[in-house]
Structures are given as C-alpha cells and as structure tokens.
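Student: Under our numbering, think of the first position of the sequence shown as 6, with each following residue one higher.
I'd like to ask some things about the structure below.
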Amino acid sequence: MIGYAIGATQVSVDDPRGDTETVWALQPATLIYTARLMSGVRYWSELYYYTANLGAAMDRIGQDVEQFGLQVSLQKSLPVSPGWVTWFGAGIGVSQTNYTTRYTIDNEGYLLARYPDRSDTGAALLLNFVSEWSLSRNWSLGVKLEQAVAVAGDTEGSRGLLALFYRY
Numbered sequence: 006m007i008g009y010a011i012g013a014t015q016v017s018v019d020d021p022r023g024d025t026e027t028v029w030a031l032q033p034a035t036l037i038y039t040a041r042l043m044s045g046v047r048y049w050s051e052l053y054y055y056t057a058n059l060g061a062a063m064d065r066i067g068q069d070v071e072q073f074g075l076q077v078s079l080q081k082s083l084p085v086s087p088g089w090v091t092w093f094g095a096g097i098g099v100s101q102t103n104y105t106t107r108y109t110i111d112n113e114g115y116l117l118a119r120y121p122d123r124s125d126t127g128a129a130l131l132l133n134f135v136s137e138w139s140l141s142r143n144w145s146l147g148v149k150l151e152q153a154v155a156v157a158g159d160t161e162g163s164r165g166l167l168a169l170f171y172r173y
C-alpha cells in the first residue's frame, strides 16, 4: 500500500544553549509505503517533513525548526472486525534537523542574545499504533499515533497522523 498523511507532531528540542518551548506543529507532508512480510506482520516506512517555531523568553531559546526524516517500523496486526484492523509496532527513525534564528529575549521582548544556526542528524526509537478502515476494495483510511524517543540528536516527541491509503 502507498499513502499520504497529514498530522501534528509535538516538537521538543534539547538545545545545548538552554531550555526550549514544547509546541505542537503541523506535519503537512508524509509519504507512506507499507507491505506485508507474512500473515499478520508488515513493515511500515515513511518519509516526512515539518517546520515549527519555538517561542523565546529570558530562560528559553527561541528558534525555527525544520526536520526531514525517514522511519521504518515492524508492525503486528490485531483484527477488530471485518474492514477494521489495528497494528502495533516498533521501529527506528533517522532525521536531519535544522535549527535557525536562535535567540533569547528579555522580559520586555527585546533581543537578549543571538546564537548561531546549527543542524543535527538524529536517531530515535519508535512505538506506534495504527488503526485502518477499508473504504473500498483499493482505498482505506488510517490513523497513526506514535512516540519517538531520541537515542542520538536533539529532537523527540509524539505524533498523530491521518492517512489515506491506496492498495494496488
């Protein structure tokens, strides 16, 4: 199956210069490919992209975050009823993240400090849950919930996606 998804991702950055705000950001582009390996087991792969703006304060680094990533998970099915299947999975993800316009402000909103842009290649462990409903012979709708825990890099968080799949 191939699919396209749109969703929201929780962005939390472990910045070397200090604390940052945690925000929810639109994840406008996710391309999905999934295929069965054996009965009840499949792999799920996705390419995704998002941007986020983290607000600044005296004690928080403000910055723009842009991330591109690739994720692969192994998932096990749990059929609920005809036309409705749930999948539980675990996997790994790699990403390239750019952090730009990094700064802090004082209590009155004036620039306090400016920091150089940076980029990071990260890796994360993933836990995910997918629920899919058949719309027709070739089309289905899915919802994915996921938690990413960084093992390398500075970005981790939760994610929710709404996907449309085509089975060929």
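Beta carbons are placed, not taken as given, at the ideal position from N, Cα and C, and that holds for glycine.
In this structure, how does DSSP classify residue 71 when only helix, strand and coil are distinguished?
Tutor: Looking up residue 71 in the sequence shown gives position 66. Residue 71: strand per DSSP, three-state reduction.
Student: Please name the residue in 33, 138, 172 and 127 whose C-alpha comes closest to that of residue 153.
Tutor: As a first step, residue 153 is located in the sequence shown; it is residue number 148 there, counting from the start. If we check each option's Cα against that of residue 153, 127 comes out closest.
Student: Please list the terminal residues of the continuous beta strand (DSSP E) segment that includes residue 130.
Tutor: Residue 130 sits at position 125 when you count from the first residue of the sequence shown. Here the beta strand (DSSP E) through residue 130 covers 123-139.
Student: Name the residue from 10, 58, 43 and 48 whose alpha carbon lies nearest to the alpha carbon of residue 29.
Tutor: Stepping through the sequence shown from its first residue, residue 29 is reached at position 24. It is 58.
Student: Taking the alpha carbon of residue 121 as the reference point, which residue from 52, 103 and 163 has its own alpha carbon closest?
Tutor: Mapped onto the sequence shown, residue 121 falls at position 116. Selected option, being the one with the closest Cα: 103.
Student: Is it buried or exposed, residue 53, if we count other Cβ atoms within 10 angstroms and call 16 or more buried?
Tutor: Here residue 53 corresponds to residue number 48 of the sequence shown, with the count starting at 1. That one is buried.
Student: Given that a residue counts as buried once 16 or more other Cβ atoms are within 10 Å of its Cβ, and exposed if not, what is residue 119?
Tutor: Here residue 119 refers to the residue found at position 114 when the sequence shown is read from its first residue. Under this definition residue 119 is an exposed residue.
Student: Within this structure, are the beta carbons of residue 3 and residue 132 separated by less than 8 Å?
Tutor: Any question about residue 3 goes unanswered here, given that the chain covers just 6 to 173.
Student: If we require 3 or more residues per run, which beta strand (DSSP E) segments fall completely within the segment 17-77?
Tutor: Counting only runs of 3 or more, we get 28-43 and 46-59.
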